[in-house]
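Data first, discussion second: the structure below is written as structure tokens.
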Amino acid sequence: MRTGNPQSFRGRCQITSRLIQLIRRPQPATIETCDISEVSDTQQEGYLHNIKGKLVGFWTSELYGHISVHGFHFIDEKQQISGHVLFYHAEEAIVSYEESRP
1 MRTGNPQSFR GRCQITSRLI QLIRRPQPAT IETCDISEVS DTQQEGYLHN
51 IKGKLVGFWT SELYGHISVH GFHFIDEKQQ ISGHVLFYHA EEAIVSYEES
101 RP
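Take 1 as the starting number for the sequence shown in the UniProt record's numbering and just add one per residue.
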């Protein structure tokens with residue numbers, strides 16, 4: 001199915017993920033920087049069971065691989081839980097994609 005989304009997957013699944021509780025900022029983030037390995041060392045991993053939401057991924061060429069993380073990201077249908085997906089198993093799925101050309 002073609003949609004207005006980049007590669008996306010919607011359905012009910014079990015997911016092992018680096019979890020992030022979504023926080024909407026009242027002001028823009030600071031310009032502080034840190035190494036990606038420092039961030040990943042402090043993130044929690046968790047298992048989500050029988051959860052509905054979307055898996056979204058973007059293809060990035062090798063040239064830009066250092067500024068993008070491979071794989072999928074997840075956001076639940078209530079938009080309260082998100083994270084980088086380490087593993088998933090889908091019980092139901094709707095797969096969609098968008099083809100971009102220069």
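Note that CB positions come from ideal geometry on N, CA and C, so glycine has one too.
Using the Cβ count rule (16 or more neighbours within 10 Å means buried), how would you classify residue i?
i	result
Phe87	exposed
Gly83	buried
Lys54	buried
Sort the options by Cα distance to residue i and report the nearest one.
i	options	result
Ser96	Val56, Gly83, Glu77, Phe74	Val56
Tyr47	His89, Lys54, Ile94, Glu77	His89
residue 103	Gly71, Glu77, Phe72, Gln44	Nothing can be reported for residue 103: it is not among the residues displayed for the chain, which extend from 1 to 102.
Helix, strand or coil for residue i per DSSP?
i	result
Glu92	coil
Gly83	strand
In the DSSP assignment, the beta strand (DSSP E) including residue i goes from what residue to what residue?
i	result
Glu45	45–57
Here's a check: name, in chain order, each residue in its chain whose Cβ is nearer than 7 Å to the Cβ of residue i, leaving out the five neighbours to either side.
i	result
Gly71	Gly57, His84, Val85
Which same chain residues, not among the five before or five after residue i, have their C-beta less than 6 Å away from its C-beta?
i	result
Ile75	Gly53, Lys54, Ser82
Excluding the 5 residues flanking residue i on each side, which residues of the same chain have their C-beta closer than 8 Å to its C-beta?
i	result
His73	Leu55, Val56, Gly57, Ser82, Gly83, His84, Val85
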